[in-house]
Structures are given as C-alpha cells and as structure tokens.
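Contents: one structure, followed by commentary.
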Amino acid sequence: MPKAALDFTTPFLVISITYIAAFWTSIYVLQPFQTTFTPQLASYASLLFLPHGVRILSAWLLGWKSIPLIAPAALFTHWINFGAEGFTPLGIAGAFSGVVSAAFSFWLLAKLGMDFRISNGNKVNWMDVIIAGCAASLINTFGMGYVFQHNTLTSMSYFVGDVSGLFACMFLLMIVFSVARTSQQIR
Amino acid sequence: MLVDRKMDIVATEKNLLLCFTILLQLVERKSLLSLTYLNSVRQCHSITGKLVALRSTSTTSTKLGLPVKKKTCTLTCSEIHENNEETANMTSLDKIAQLKQLLYGMEKDLGLNDLSMVQKNIVYAATILAKVKDQIETDELRSHELLEGTSRSSFFRALRELVHAGYLAHSDGVQRSAYTLTSKLR
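Spelled out as structure tokens, the structure:
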C-alpha cells in the first residue's frame, strides 16, 4: 500500500472505530441508565457523550484534517440514531455540526489569542483541551438548538454530555496509558 | 549549512523516543542536540540511526528528580533536516507522543501518578517491616511477599527513586544496605 494511503488509512480506521465504539457505549450502555433516572430528557441527548472526546482529541491532534476523517463515522452514527429520515439537508448539517465545531473551536480560540493547537509547538496542557471542548460544545449546542428549536433542557444536556464525555474519554485514555506504563515497569 | 544544534532532553529509556519526537520539532530553534538519559546511547542509534555520540560524561543530573547518567549527542543540521522529514512522516508516532504527554499531565495534575506500582509495594512492605525494627535491610525488603515477581532492576530503580523522592532514607554507618522510613511515611 502506498505510504500516503497508509498515512490516511491508519488514523481514519483508528478514529472511526473509536468514534463508533464511543457512540455505541454512550447510546447502548449508558443511555438506558440515564433514561431510567432522567426520563424527561430527549433520548438522543446523552449526559455522557463519549464521541465528543474523540472529536476534540482528533481535532487537537489533526486540526482541520480531522473533519474528513471523522465524517464517515459521524454519518454512520447519525444513521443509527435517526435512520434514513435523518438524512435531510438539516439532518446532515446537524451530523457534521459536532465534527466541524471541534476543529473550528481550536481555530477560533487561536484567533482569540488562545492557541492550543499542537501544530504550533505549544506546550501540551489537558485543561486547554477541555476549554476547547467546552467552546466546541457551546458552538454545537447553540447551532443545533437554533436550527432544531431544542428546548433549554435538551441544549443544556447536550453541553453537559459533551463536556463530561470529553473528560471521561480523556480519563479512560489516561488510565489506559497509566496501566500500560505500570505493566512496563513491573516487567 | 552544517550547524550543530543543541537541546537538552531528559528522559528514561522507555520514553526517550517519544520525547525525542516532540523535541525534534523544537530543535530548529536550538544550536546543538544533546541527550540526557539513563543508560546507554545505543538506543538512540537504533531509534534514529542518525545520532552521533560526541562525548560522554558520568555526571549526575537531578532534573527529573532522579539521579541519571548524562551523555551528550549531536545531530548535524543536515541530519536534523533529515530527521525532521522523518518526523513529518512519523506523524502517527508524533500524535501518540503528544497524546501521551497530554494525559501524563492530566494524571499528574489529578495527583494520580505519585508512585508506581512497584514503588507503592516497596512503601507498603517497608511500612510493615518498620513495625518490627527501624532499619530495614534491602534483602528483607526485596524478599517481602508484596514484592514477589518484581525484577531486580525494577526493584532497585524504584527503591532509588523512593529515596530520592524522600519516602525512604538510606541509613549511614551500617555494614549492609539499610533504609529507614522518613517523616513522609510515619
């Protein structure tokens, strides 16, 4: 396989599989618990939306390149969530909204003097990524709320779900790296 | 234009490659690349195939809070450019390095990385043994059941780090190697 194709395929597969796995966990594992305790929330508004973590970390690592890499997985999960009826122009825009807002938030924050992108050799700080995740979620929540006329509760649950999902995603990864490091030390 | 470039990298052998990947991005701003690391320069050679060890010192550095042997290597400008091209092609590794650094910072800020598993087990064993007598001999510690299966090198590395971090103190004036608990553990 040519190297350029491999450079695209590897992150594409990693991101797609992680995104779909995160989506599956949020919707089919965590969502039933949420519905039990908060039935008043819309079924699609997860309070621990792990895919937001994948979106933000991909955007942080890859910048704008993350958009085409996540887009297929985002469309696939949109289809799982809403079926063929979700593929209206507005529905597709909604599916892309979260993906684009992740990369856009890093760009926007850089324009506002808070450049958290790694491409510019900035010092890595996890709080910066959380801030960018909050910004991306705000943009996404306001956009979706405006277009789809979500009520305040749904919009708030979108935001809470995105931010908690990002933190949980990073925390899980942190545990994975930590366990890997510990097992190396024991060996 | 062959100009040597310098930069200090402090890393354990295991993390050398990841640190090196990140620092190569910054190397353009420095004048000579030097590496400070724990054991040998051979791994650098195997990693990059470009590093040239110019001189070697046996000084002790405590930049990481750990006693380490120090060696210096250089990269020529052309080699750096070559390596930068390699870095550009090594995007996956670079991303993993950045992600690992991000999450390590998170772990540190959340106070979850104070001690490694081996270090924790040494502390537990030392605390148990210290109930019987103040000075704990290395052999007693090493043969404690909590440290079964721990390799000799891991044990001594963890023990050295615990002494340096101020959890254990080496007892002076005893014939055999012995340690006492410091105020941190009492």
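Quick note, the sequences are listed as chains V and F, same order.
Count along the first sequence from 1, then add 10; that gives the number in our numbering.
Count along the second sequence from 1, then add 11; that gives the number in our numbering.
Using N, Cα and C, we set each Cβ at its ideal position, and we do this for glycine too.
Please read these numbers as outputs of a predicted model, since none were measured by experiment.
Taking the beta carbon of residue 103 of chain F as reference, the chain V residues within 9 Å of it are 17, 20, 21, 24, listed in sequence order. Interface criterion met: the Cβ of residue 114 of chain F is under 8 Å from a Cβ in chain V.
The beta carbons of residue 113 of chain V and residue 84 of chain V sit about 12 Å from each other, so the pair does not count as a contact at 8 Å. Contact between residue 80 of chain V and residue 25 of chain V holds, since their C-beta atoms are separated by about 6 Å, short of 8 Å.
In the three-state DSSP reduction, residue 48 of chain V falls in the coil class, being neither helix nor strand. Taking 8 Å as the CB threshold, residue 110 of chain F lines the interface with chain V. Closer than 8 Å to the CB of residue 118 of chain F there is at least one CB belonging to chain V.
A direct Cα-to-Cα measurement between residue 113 of chain F and residue 195 of chain F gives close to 29 Å. At a cut-off of 8 Å between C-beta atoms, residue 144 of chain F does not count as an interface residue with respect to chain V. Per DSSP, the continuous alpha helix (DSSP H) segment holding residue 156 of chain V begins and ends at 136–158. In the pairwise beta carbon analysis, the segment 166–186 of chain V is classified as touching the segment 137–152 of chain V: at least three pairs are separated by under 8 Å.
Counting only residues of its own chain and dropping the five nearest sequence neighbours on each side, residue 158 of chain V has a CB closer than 8 Å to the CB of 100, 104. In the displayed model, residue 178 of chain F falls within coil according to three-state DSSP, outside both helix and strand.
When DSSP states are grouped into helix, strand and coil, residue 176 of chain V belongs to the helix group. Short of 6 Å from the beta carbon of residue 92 of chain V, and not among the five residues preceding or following it, lies no beta carbon of its own chain. Listed in chain order, the alpha helix (DSSP H) runs fully inside the segment 74–129 of chain V are 76–92, 99–121, counting runs of at least 4 residues. Distance from residue 108 of chain V to residue 62 of chain V at the Cβ level is roughly 7 Å; contact confirmed, criterion being Cβ atoms closer than 8 Å. Under the rule that a run must span 3 or more residues, no beta strand (DSSP E) segment is found entirely inside the segment 113–169 of chain F. Contact annotation: residue 136 of chain V and residue 180 of chain V have beta-carbon atoms nearer than 8 Å.
The beta carbon of residue 30 of chain V sits closer than 6 Å to the beta carbons of 83 from its chain, once the five residues preceding and following it are set aside; these are given in chain order. In the structure shown, the three-state DSSP call for residue 192 of chain F is strand. Judged by DSSP in its simplified three-state form, residue 103 of chain F adopts helix. Counting only Cβ-Cβ distances below 7 Å, residue 117 of chain V has no contacts in chain F at all, with the closest Cβ about 18 Å away. Distance from the CA atom of residue 166 of chain V to the CA atom of residue 150 of chain V, rounded to whole angstroms, is 11 Å. Under a 10 Å Cβ-count criterion, residue 28 of chain V is classified as buried, with 16 or more other Cβ atoms of the shown protein chains found around its own Cβ. In the DSSP annotation of this structure, the continuous segment of the alpha helix (DSSP H) that includes residue 72 of chain V starts and ends at 61–72.
When Cβ-Cβ separations below 8 Å define contact, residue 195 of chain F makes no contact with chain V. Below the 9 Å Cβ cutoff, chain F contributes 110, 111, 114, 115, 118 as neighbours of residue 187 of chain V, in chain order.
Going by C-alpha positions, residue 138 of chain F is about 19 Å away from residue 165 of chain F.
Counting only the Cα atoms, residue 181 of chain F lies some 10 Å from residue 171 of chain F.
Per DSSP, reduced to three states, the secondary structure at residue 17 of chain V is helical. If you check the CB distance, residue 33 of chain V and residue 87 of chain V come in under 8 Å.
When DSSP states are grouped into helix, strand and coil, residue 108 of chain F belongs to the helix group. Within a 10 Å sphere around the beta-carbon of residue 12 of chain V sit fewer than 16 other beta-carbons, which makes this residue exposed.
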